[in-house]
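Residue numbers (our numbering): 19 to 342.
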């Protein structure tokens, strides 16, 4: 076996696509030979899938005696994360939609971490890093009224003080049957501002919009996973939500030498004593990259808000938490 390499794949690779899944593990073959033309994983999958499939194809096509199975059928085209997001969410603009985008945490009964993100993505964040919260959808359906879909239920939220420059923002809530629920409120005065990023007067944008700057596109967006940890969100007023407390994001950073300006196509994201530059890595995959200022360490940031909303599994717990 000198000069040979063994790929021991007890634990396989599984990549979930929008319409199908791709997998590579020994349970597909057991004592048989893997295909010498293994299908490549969907676009935007982890690089490891392409590397392993490519290596096995190279080996199978060049080892004498390996059964030739010919080319497999072309891979089914799967929507990229950006395409899927544009197909399954809606960008609303104007009035209440602009004011709520990028706000949170809203406190609603015993729910203390409700967020309204860009493109109608709602999220109840988990208190445990890397643990999934409850993902839902929201949309403005009338003057001062928002429809919230969460845990398989529909709620109508009626907002009040969002039009005032000062004061506490709040909403009343009823379920689909019209039963009154606990009210909600946004306590953070720093988010009760018209502009998403006051230092730049960033206009309301949304992921997937074209002909807008990077900072405009990600303003108000979330949830994101930073090196697999989350949720992260680029909130109104320049607040950066992280699992370890709030940080700051924007295009200006105060230093001992004055104000530092972010480069075009980048924003600053600073939290837990570390400063980072953030920029698109693969926009079609809704994947960004961060570079830490102290040591230039680079990690990936992936959008987590494009997954399907939570079903009724969390409905009993949510009902209990928002009961009046």
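All residues carry an ideal CB built from backbone N, CA and C; glycine is no exception.
By the Cβ-count criterion, residue 304 is buried, with 16 or more other Cβ atoms from all chains shown falling within 10 Å of its own Cβ.
Non-local C-beta neighbours of residue 88 in its own chain, meaning closer than 8 Å and more than five positions away in sequence, comprise 55, ordered along the chain.
With a 10 Å radius around the Cβ and a threshold of 16 neighbouring Cβ atoms, residue 291 comes out exposed. For residue 286, the closest C-alpha among the options 301, 310, 302 is that of 310. Sequence-distant Cβ neighbours of residue 245 in its own chain, meaning closer than 7 Å and more than five residues away, are 317, 318. In the structure shown, residue 110 adopts coil according to DSSP, grouped into three states. One alpha carbon belongs to residue 189, the other to residue 313, and they sit about 45 Å apart. In the same chain as residue 330, and ignoring 5 residues on each side of it, the C-beta atoms closer than 7 Å to its own belong to 169, 170, in chain order. Comparing alpha-carbon positions, the option among 140, 125, 84 lying closest to residue 109 turns out to be 140.
The region 148-207 is shown to contain whole beta strand (DSSP E) runs of 3 or more residues at 152-160, 163-168, 171-177, 187-193, 202-204, in chain order. Sequence-distant Cβ neighbours of residue 167 in its own chain, meaning closer than 7 Å and more than five residues away, are 154, 155, 327. Between the alpha carbons of residue 202 and residue 131 lies a distance of about 11 Å. Setting aside the 5 residues that flank it on each side, residue 81 has no residue in the same chain whose C-beta is closer than 7 Å to its C-beta. Residue pairing from DSSP leaves residue 98 without any beta-bridge partner. Secondary structure at residue 281: coil, using DSSP grouped into helix, strand and coil. Looking only at 247, 215, 248, the smallest Cα-Cα distance to residue 236 is reached by 215.
Residue environment: residue 51 is assigned as exposed (fewer than 16 neighbouring CB atoms within 10 Å of its CB, all protein chains considered).
Inclusion of residue 269 and residue 233 in the CB contact set at 8 Å is warranted, their separation being smaller than that value. The Cβ-Cβ distance between residue 135 and residue 248 does not fall below 8 Å. Shown here, residue 342 sits in coil according to DSSP, grouped into three states, outside any helix or strand. Take the alpha-carbon of residue 159 and the one of residue 72: they are about 49 Å apart. Taking 8 Å as the cut-off, the Cβ atoms of residue 213 and residue 121 do not count as close. With a threshold of 16 other beta carbon atoms within 10 Å, residue 284 meets it and is buried.
Unbroken alpha helix (DSSP H) stretches of 4 residues or longer found wholly inside the region 39-95: 65-80, given in chain order.
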